[in-house]
Amino acid sequence: MTESKKYPWHDSAWQHVQSMAEQERLPHALLILGQDGLDNDQLAKQIVTSILCLHPSTDFTACGLCHSCQLMSAESHPDHHIVAPEEAGKVIKVDQIRELISKQSLMPKISPAKTVIISQADQMNHNAFNSLLKLLEEPTNNTVLVLIANNSHALPITIKSRCQNLNIRTPDTDTAMQWLSLNQDQFSAEQCDVLLKMTNNSPLSALALGESGLEQYEQIMSGITLLMKVQANPIELTAQWQAFDPMVIMMQLQRLFETKISTLLKSPSTEQSQILRPYWAIVDCILHTMKLLSSKNNANTTLLMEDFMVAVMQQASVIRSHQK
Numbered sequence: 000m001t002e003s004k005k006y007p008w009h010d011s012a013w014q015h016v017q018s019m020a021e022q023e024r025l026p027h028a029l030l031i032l033g034q035d036g037l038d039n040d041q042l043a044k045q046i047v048t049s050i051l052c053l054h055p056s057t058d059f060t061a062c063g064l065c066h067s068c069q070l071m072s073a074e075s076h077p078d079h080h081i082v083a084p085e086e087a088g089k090v091i092k093v094d095q096i097r098e099l100i101s102k103q104s105l106m107p108k109i110s111p112a113k114t115v116i117i118s119q120a121d122q123m124n125h126n127a128f129n130s131l132l133k134l135l136e137e138p139t140n141n142t143v144l145v146l147i148a149n150n151s152h153a154l155p156i157t158i159k160s161r162c163q164n165l166n167i168r169t170p171d172t173d174t175a176m177q178w179l180s181l182n183q184d185q186f187s188a189e190q191c192d193v194l195l196k197m198t199n200n201s202p203l204s205a206l207a208l209g210e211s212g213l214e215q216y217e218q219i220m221s222g223i224t225l226l227m228k229v230q231a232n233p234i235e236l237t238a239q240w241q242a243f244d245p246m247v248i249m250m251q252l253q254r255l256f257e258t259k260i261s262t263l264l265k266s267p268s269t270e271q272s273q274i275l276r277p278y279w280a281i282v283d284c285i286l287h288t289m290k291l292l293s294s295k296n297n298a299n300t301t302l303l304m305e306d307f308m309v310a311v312m313q314q315a316s317v318i319r320s321h322q323k
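The opening residue of the sequence shown carries number 0 in numbering that gives the first Met the number 0; numbering runs sequentially from there.
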């Protein structure tokens, strides 16, 4: 059997793929959807390795020993191709998809099929999407495409509808905490909880943040305290936060304010009902900023953060006016 990383949050999707394979109903295109930090590329590799394996087990597990598995391990399999943005932060270009289409006319050289992984499939320009659509509409024989995307909304419905979707759910806190406790011994349970809150329960992202994430957490908490006291300078605070991933900042703040709202809802009073609206408005600002950060329009992050801070202080003023 092949040695590979396996994560509990992939189990359900993998079992579904196994079931389709056992029934000989594996589709020509799979779409793995899930947030960053879950290593969904690993699941895609596990799937294509089993497809290409010359002697898979009855439960669709790659043997890890055949020539095909060895080539996959060495990342040199002639029947497997990977498409991804050529540079970090860039889009997949139409020429990359056209080159892929030209390769699909070739017959498999070693395995009974050919496979393709398209990583960050939601990072394509319009022409690339149209070119990919042609490939999905007219699939070549014995070829399986596996698309991986974080942002479902960035994918055209015409692409999603032509793929078998595998939705990877973010693990619950207990599962994420258990995985972290088994895979690191540097941080306490309390520190792991902080890191998970910063990454929306993505264990691998939490592990990657590590010590710097804990330092970032403290700085962000200090900054948001100033914002809520309407004492912050948005320009100076934005400059201080530039060293941090803005999406991670937003996820930390989203958890913080949603927890605050939950607390207010549990013990309603006249004062608390009055301040719920501005707290909800802050959450809306966070979600709007996250949407802009994840768009392909190359938004000015500095201006986005400054505008966000101004909006937070406006709502904080409303909250403070009701607390006097």
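Where is the CB? At the ideal position from N, CA and C, for every residue including glycine.
Give a yes or no on whether the C-beta atoms belonging to residue i and residue j are separated by under 9 Å.
i           : j           : result
residue 32  : residue 9   : no
residue 76  : residue 105 : no
residue 35  : residue 166 : no
residue 80  : residue 44  : no
residue 179 : residue 213 : no
residue 227 : residue 315 : yes
residue 39  : residue 117 : no
residue 292 : residue 300 : yes
residue 132 : residue 161 : yes
residue 115 : residue 145 : yes
residue 127 : residue 90  : yes
residue 20  : residue 59  : yes
residue 109 : residue 135 : no
residue 197 : residue 208 : yes
residue 210 : residue 251 : no
residue 242 : residue 284 : no
Specify, as a first and last residue, the run of the beta strand (DSSP E) that residue i falls within.
i           : result
residue 164 : 163-166
residue 114 : 113-117
residue 260 : Run containing residue 260: none in the beta strand (DSSP E); it sits in the alpha helix (DSSP H), 245-265.
Kindly indicate the opening and closing residues of the alpha helix (DSSP H) around residue i.
i           : result
residue 135 : 125-136
residue 100 : 93-102
residue 221 : 202-227
residue 74  : Segment: none, residue 74 is in no alpha helix (DSSP H) and carries neither H nor E.
residue 326 : This structure leaves residue 326 out entirely; the chain is present only between 0 and 323.
residue 198 : Neither: residue 198 is in no alpha helix (DSSP H) and is coded neither H nor E.
residue 300 : 300-322
residue 180 : 172-182
residue 11  : 10-21
residue 329 : No statement about residue 329 is possible, as the shown extent of the chain runs from 0 to 323 and does not include it.
residue 238 : 233-240
residue 43  : 39-51
Whole-angstrom Cβ separation of residue i and residue j, contact assumed at under 8 Å?
i           : j           : result
residue 215 : residue 30  : Not confirmed; about 32 Å, so no contact.
residue 260 : residue 282 : 7 Å
residue 138 : residue 27  : 4 Å
residue 229 : residue 312 : 5 Å
residue 119 : residue 83  : 6 Å
residue 286 : residue 275 : Contact flag wrong, Cβ pair sits at about 16 Å.
residue 224 : residue 308 : So it is not a contact: roughly 13 Å between Cβ atoms.
residue 142 : residue 103 : 6 Å
residue 176 : residue 203 : The Cβ separation is near 14 Å, so there is no contact.
residue 124 : residue 92  : 7 Å
residue 170 : residue 7   : 7 Å
What residues are listed by DSSP as bridge partners for residue i?
i           : result
residue 148 : 32
residue 341 : Absent from the model: residue 341. The displayed extent of the chain is 0 to 323, so no value can be given.
residue 142 : 113
Check whether the Cβ of residue i lies closer than 8 Å to any heavy atom of the ligand PLP, and answer yes or no.
i          : result
residue 45 : Although the ligand PLP was asked about, the structure shown includes no ligands whatsoever.
Any Cβ of chain C within less than 9 Å of the Cβ of residue i?
i          : result
residue 16 : No chain C is present in this structure, which holds just one protein chain.
Does the contact criterion of 3 or more C-beta pairs under 8 Å hold for the stretch 95-105 versus the stretch 60-70?
Fewer than three Cβ pairs drawn from the stretch 95-105 and the stretch 60-70 lie within less than 8 Å of each other, which leaves the two stretches out of contact.
For the 8 Å Cβ check, are there 3 or more pairs between the stretch 243-257 and the stretch 270-290?
Yes, since at least three Cβ pairs between the stretch 243-257 and the stretch 270-290 fall closer than 8 Å, the two stretches touch.
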